[in-house]
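Have a look at the structure below, then the notes.
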Amino acid sequence: MHVAEHIGLERYGDPFDPKGDIIAMHELQRVLMPGGYLLFVVPIGGVARIQYNAHRIYTVRQILNYFNTLKLVDFSLIKDDGNFESPSNFRTADAQNYGCGCFMFIKPTDYLDHAM
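Heads up: the sequence shown begins at 54 in the working numbering, then just goes up one per residue.
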């Protein structure tokens, strides 16, 4: 939880790679077995951005696009005011500045590795 947004920003000794987070997300999809679940938690807001070299903030649409081989099962949100909303909706997520998006995905059982 809360790892991908740091990958490739050099803050924790990793090499600079502007696409490091995307590479990590593709790897998560690759190693997940068909029928397996993935809980993915990252900062969410209405505007995608990088906060200095500390972390990225994603939009819900970005995450859905990055995990396009998986099916979204559930989406929950810790909003800017600290309240937990489950299930949540994308409109509420888009209204946040620095929320915490909790995505539960499943890899379809008919998934083919060459689909990515």
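Just so you know, even glycine gets a beta-carbon here, dropped at the ideal spot from N, CA and C.
- Scanning the segment 102–140 for uninterrupted beta strand (DSSP E) segments of 3 residues or longer gives 102–104, 108–110 and 124–131, listed from N- to C-terminal end.
- Looking only at D134, F156, A57 and Y151, the smallest Cα-Cα distance to S141 is reached by F156.
- DSSP places V94 within a strand segment (E or B) once states are collapsed to three.
- Under the three-state reduction of DSSP, F143 is assigned to helix.
- Remark: C-beta atoms of I110 and V94 do not approach each other more closely than 9 angstroms.
- Judged by DSSP secondary structure, I159 falls within the beta strand (DSSP E) whose first and last residues are G152 to I159.
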